[in-house]
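Participant: Pasting in a structure now, in structure tokens, and then I'll have a few things to ask.
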Amino acid sequence: MSVLRPQPPEDPIQYDPAAVFASGMVAAADLAALADRLDAARAESLADLDRWRAGGARPGEALDPAFIDLPDRLLAAYQADRASSELFAILQAARRIREAVDRVVVLGIGGSFMGTRALFEALCHPFHNELPRGERGGRPRLSFEGFNMDNDSAQGLLDLVAPAGAPRGDDLLDRWALLVVSKSGGTLETAAATRLFLAALAGAVGHDRQRLAARVVPITGRTGRLAALATALGCPDVFDIPDGVGGRFSVFTAVGLLPAAIVGIDVVRLLEGAAAMNRRFCEAPVAENAILRYVGVCHLAERAGATIRVLSSWSNRLEAVGLWYDQLLAESLGKDEKGATPLTVVTTRDLHSRGQQHQEGRRDKLITNLVVGEPRRDRLVVPKLPDGLADEDQLDDLVGTAWPGILAAATGGTNEAYAEAARPTADLLLPRIDEHVVGQLLQMLMLATVAEGRLVGTNPYGQPGVEAYKRLMMRRLRA
Ligand code: PA5
């Protein structure tokens, strides 16, 4: 019997802005004329990494470019000396948690949970949490909290993990663990939720300090309040969010990789996809560089009035990727009274809520479709009506038509309708949704965001504006 395993596919994501050019909003010649500036933006983005390594941030400057080569560094260390590598430590901790509990609660806000949710929704079974453990391959359920101060949703999750008045046994299916994620370690929403869920977990383990510590995995900066709590608790696994990697760029640190590995996502393939995108970014000439062409088209469209960037996902499973990208773009480039407004939609769902405006509303939108080439599962087809019914719904002519075929007709029809109305529409073509492709996509969007920042003279790192609400909230709480 052959021991050779088939090589999993590594097809690249493609970017096609032809319909943006055809709409007249952006001319192909204008994109070509931007080539030198795009090249310079790429060079500056990469030079940021050298500057950061050399400790060359200017006084007061936020500089977090270490996400750029992080996938390559993690993979290289894993290949060079597996046992001492960060990735190995992540995989080991994931295994320990996976075998110990049936639910993991991730506490975090912004960049400390949105990437994880994007990976979970894109790459796990769409109803992962509702499947019995066996059908989840023995992987725990994943729930999120600590991203708001919503009393009733926190209570709702407590109902699941620590039901009032019901003493819980120590059955594996009742056991749960906490991943607490905060780079600063001081974000109030996450810190308050940490207290709440720590108290519930302490009750669940009979206030046994050692068992409690084993069920909490903090992921945080080297110093700070959460790091101090981790030390005081004596948690056996604590992961670092490295210096030089900001919250919304941290999906390929333990922040995203640990929960992903716990729920069975192949994190090595994810990193390989991201590393492949890095090579394209660094090596491809501007005219063939999908990332830089995307940046250029978005920039030129914004200059022509498209201040709203609609990321239109043709798959339910990429909605959370879109929401992660909304945050990435908004926090990175929404500064100095500049920056496009991102908006995620899921089509065809949102054609029935936003389609009217996109077709006939203000000409202030650039639509980028996220189109998926092939489904992961067997194709569904339109079935016959049950016996005894005639063609009352008048769909008999479509019997046997596959779901992806109907979706393709919807994509084609929508693009045609937008083209007729000269609505600029580009396509990001994903061959399929798997780890390699999602790794490429997330890295592409992060690289595009920093390159656009350098193109327009906006520092993509840091989010000074968010501090205002935090300061005023604390003033009210501690007045
Ligand atoms: O991108 C960012 O840095 C933010 O979105 C942070 O991730 C978010 O504010 C959470 O911060 P912290 O991880 O420090 O709790």
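Its first residue numbered 96, the sequence shown is counted upward by one per residue in this note's numbering. Backbone N, C-alpha and C define an ideal beta-carbon position, used for all residues, glycine too.
Pick from E367, P258, D164 and E240: whose alpha carbon is nearest that of W147?
Facilitator: Nearest of E367, P258, D164 and E240 to W147, Cα basis: D164.
Participant: Bridge partners of D361, per DSSP?
Facilitator: In the DSSP output, where bridge partners are listed per residue, D361 has none listed.
Participant: Within a Cβ cutoff of 7 Å, which residues of the same chain sit near L584, ignoring the five residues on either side of it in sequence?
Facilitator: In the structure as shown, the chain begins at 96 and stops at 574. Residue 584 is therefore absent and cannot be evaluated.
Participant: Measure the alpha-carbon distance for A90 versus M120 and round it to whole angstroms.
Facilitator: Because the chain in this structure spans residues 96 to 574, residue 90 falls outside the shown range and cannot be described.
Participant: What is the DSSP secondary structure of T326, reduced to helix, strand or coil?
Facilitator: Residue state, collapsed to three classes: helix.
Participant: Whole angstroms is fine: what's the gap from V440's alpha carbon to A521's?
Facilitator: So the two alpha carbons sit approximately 14 Å from each other.
Participant: Is G429 near the ligand PA5, in the sense that its beta carbon is under 7 Å from a heavy atom of that ligand?
Facilitator: No; taking the cut-off as 7 Å, the Cβ of G429 has no heavy atom of the ligand PA5 nearer than that.
Participant: Would A574 be called buried (16 or more neighbouring beta carbons within 10 Å of its own) or exposed?
Facilitator: So A574 counts as exposed.
Participant: Starting from S179, trace the beta strand (DSSP E) both ways and give me its first and last residue.
Facilitator: Where S179 is concerned, there is no enclosing beta strand (DSSP E), given that its DSSP letter is neither H nor E.
Participant: Determine the DSSP secondary structure at V533, reduced to helix, strand or coil.
Facilitator: Looking at V533 - three-state DSSP - the assignment turns out to be helix.
Participant: What does the Cβ neighbour count give for A187, buried or exposed, with the cut at 16 atoms within 10 Å?
Facilitator: Sequence check: residue 187 is Gln here, not Ala. Burial call: exposed.
Participant: Can you name, in chain order, every residue of its own chain whose Cβ lies under 8 Å from the Cβ of T289, other than the five neighbours on each side?
Facilitator: L202, G241, L273, V275, L321 and L324, listed in sequence order.
Participant: Given a threshold of 16 other Cβ atoms within 10 Å of its Cβ, counted over all protein chains shown, does E432 qualify as buried or as exposed?
Facilitator: Exposed, because fewer than 16 other Cβ atoms sit within 10 Å of the Cβ of E432.
Participant: Assuming contact is defined by CB atoms lying nearer than 8 Å, are D159 and G434 in contact in what I supplied?
Facilitator: Their beta carbons are not under 8 Å apart, which means D159 does not touch G434 by this criterion.
Participant: From P104 to G260, what does the alpha carbon distance come to, in whole angstroms?
Facilitator: Approximately 51 Å, taken between the alpha carbons.
Participant: Using three-state DSSP, classify A401 as helix, strand or coil.
Facilitator: Three-state result, A401: coil.
Participant: What's the C-alpha gap between D111 and A175?
Facilitator: For D111 and A175, the distance between alpha carbons rounds to 38 Å.
Participant: Hey, out of R375, A297 and S277, whose CA is closest to V346's CA?
Facilitator: Selected option, being the one with the closest Cα: S277.
Participant: What are the boundary residues of the alpha helix (DSSP H) that includes T439?
Facilitator: Segment T436 to V441 is the beta strand (DSSP E) holding T439; no alpha helix (DSSP H) there.
Participant: For the ligand PA5, is there a heavy atom less than 7 Å away from the beta-carbon of I44?
Facilitator: Summary: the structure shown does not reach residue 44, with the chain confined to residues 96 through 574, and so no result is reported for it.
Participant: Please indicate yes or no: does the CB of T285 lie closer than 7 Å to some heavy atom of the ligand PA5?
Facilitator: Yes; taking the cut-off as 7 Å, the Cβ of T285 has a heavy atom of the ligand PA5 nearer than that.
Participant: With 16 as the cutoff for other CB atoms within 10 Å, does Q305 come out buried or exposed?
Facilitator: By the 10 Å Cβ count, Q305 comes out exposed.
Participant: State the Cα-Cα distance for the pair A249 and E284, rounded to the nearest angstrom.
Facilitator: The straight-line gap from Cα to Cα measures roughly 11 Å.
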